[in-house]
Each structure stands twice: as C-alpha cells, then as structure tokens.
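Shown next, in structure tokens, is the structure this report addresses.
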Amino acid sequence: MWVYAGGGGGDPPYRFFEFHRNRNHAHPEKTLKEFKGLLHSDKYGAYEKLAQREGIDWCPCMAHVRRKFVEAESGDPELRGLILRKIRYLFLLERVAWARTPKQRLRIRRELEKPILDELTQIIKERVLAGGILPKSKFHQALNYYLSLAPHFENYLNHPDARLDNNVAERAIRPLTIGRKNWLFVGSENGGRASAVLLSLVQTCRNLGIDPQTYLEDVLRRIMGHPARRIHELLPDRWLAAKQKNAAIHSPDQDGVS
Numbered sequence: 001m002w003v004y005a006g007g008g009g010g011d012p013p014y015r016f017f018e019f020h021r022n023r024n025h026a027h028p029e030k031t032l033k034e035f036k037g038l039l040h041s042d043k044y045g046a047y048e049k050l051a052q053r054e055g056i057d058w059c060p061c062m063a064h065v066r067r068k069f070v071e072a073e074s075g076d077p078e079l080r081g082l083i084l085r086k087i088r089y090l091f092l093l094e095r096v097a098w099a100r101t102p103k104q105r106l107r108i109r110r111e112l113e114k115p116i117l118d119e120l121t122q123i124i125k126e127r128v129l130a131g132g133i134l135p136k137s138k139f140h141q142a143l144n145y146y147l148s149l150a151p152h153f154e155n156y157l158n159h160p161d162a163r164l165d166n167n168v169a170e171r172a173i174r175p176l177t178i179g180r181k182n183w184l185f186v187g188s189e190n191g192g193r194a195s196a197v198l199l200s201l202v203q204t205c206r207n208l209g210i211d212p213q214t215y216l217e218d219v220l221r222r223i224m225g226h227p228a229r230r231i232h233e234l235l236p237d238r239w240l241a242a243k244q245k246n247a248a249i250h251s252p253d254q255d256g257v258s
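Take 1 as the starting number for the sequence shown in full-length UniProt numbering and just add one per residue.
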C-alpha cells in the first residue's frame, strides 16, 4: 500500500492510498508523472529518481536521518551525541517556526536553522574524510546517508510550506501498518484496491475533522444521482465547504430570525 499526502499548504488535506502488489519504482512514477512542487519522502530510490525531474523540489526526511544515528549505537559516542543534539535542536526550532507566519518561518530557518545544517554537513564531511570508520558499520552508513541528502535540505529552508520530515505521510500509514498485523489479508487485489479507496476517504475525513460515517452515509445516498462531471463536489473538503456554506445560509440572523 502506497500513501500520498497532498492538496497544498503545510498541512495538506488529502490522504491518497494506492494498492499495488509490490514496491516497484514504476508505481509512484506513474502516479506522480504530472506532479510539480514539494516532494517529501524518505530515501527510497523511486523518490530519488523523481527528485531529478524539473519542477520538483525534494525535501528528504530528517526523521529518517535521526533514526539512522539512533540505531548506530556502536559509532563514535561523542560525535553521534553531537549530531543527535543538533538534529533535536532543528526540530525544536521547527516547532517554533510553525507557530509563526510563513514569512517569520522562513526567517527562523534561514537565520537559525541553516547555520546548524551547514555545521552538521561540515562536521560529518570532515569525519568521513578522516577515515578510520568501518565501511559496513551502521555509523558509517548513517554518515553517508546524511551526506547523500545534505544538498536537498536546502529546499525546506526556502519554502514556507515545506517540512523537515515526512511525518504527515508516516502518520497516515501508521494505522494500516499496525492494523495489518491483525487483518493479515485483504482477500484479493480487488479487495486491496477497495481498501485503498476507503482508507483514502476515511483518513482524509479524519484529517479535516469530518466524521467519516456521516460523510460516507451522505455521499453514498447521493452519488448515483450526482452528475459525473461534478463528482469532485463530493470530495471531503468540497463536501465540508458546501455543508458549512449551507449551514451559514440557514442559520438565524442576529435578531434570531431565520
């Protein structure tokens, strides 16, 4: 199961699940063939390939970088600790930045976060060049993992809607990751595709603060009589906007007269 979070802004409204039998690079390449904009992801090869396309600004996930260093327990303890502290400070600054306006967010990133990233890159480069680390060790792999992504971290510094991590998509897929240990099977490929459709609608509803049951009951009653050319009107965010507009029209005025 693949998941995409999108729709614009720093907190994209849509969660789109897509079922395939494997993790072939062709699947995201096909789904995102017309995509342009910010691409948040881990370092999976398909995303690295997409990042080379014109019009795509790849923002790799710093949370995955942090995880690599957390797992590298046998590495240089002093350097490893320093790297993890600096990454932690970046995330603390991001928490502050997201509580500000987009313009202020960019200023915090450029004035406070960029020097930390530059220092991290320099420290790690110097350590790798110094040698003396087992090439197959987790610590060496973590250092090289960071360096391979370092040029792309500049992208989040320059876009107010970009994020330092890919946690929006990670949170969307987590219920499925936990649940499949209990469900085990989807029955068939058709079952997998049906599950993806329902997951897309339910997770998008939850993200928008819509009760999924209320939404699905209403849409399933109306969809057969709804014009196909206007099917987009039944998407969760459009449905919510229409409900809110309708409620405002029929709400009592200030004198209590409807």
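Glycine included, every Cβ here is placed at the ideal spot set by N, Cα and C.
Note that this is a predicted model, so its numbers are computed, not measured.
- Closest in alpha carbon position to T204, among E189, G225 and I173, is I173.
- One thing to note: K245 has its Cβ no nearer than 8 Å to the Cβ of L149.
- Of A130, R100 and L120, the smallest CA-CA separation from L82 is found for L120.
- L39 has its alpha-carbon roughly 15 Å from the corresponding atom of H27.
- Annotation: H152 to N24 spans about 24 Å, alpha carbon to alpha carbon.
- CA-to-CA, the gap between E18 and A228 works out to about 22 Å.
- The bridge partners DSSP lists for P60 are S41.
- Nearest Cα to E170 within the set G10, C61 and G45: C61.
- Fewer than three pairs of CB atoms, one per stretch, sit closer than 8 Å, so the stretch 28-36 makes no contact with the stretch 217-234.
- If you look at F91, you'll find it in the alpha helix (DSSP H) that goes P77 to A97.
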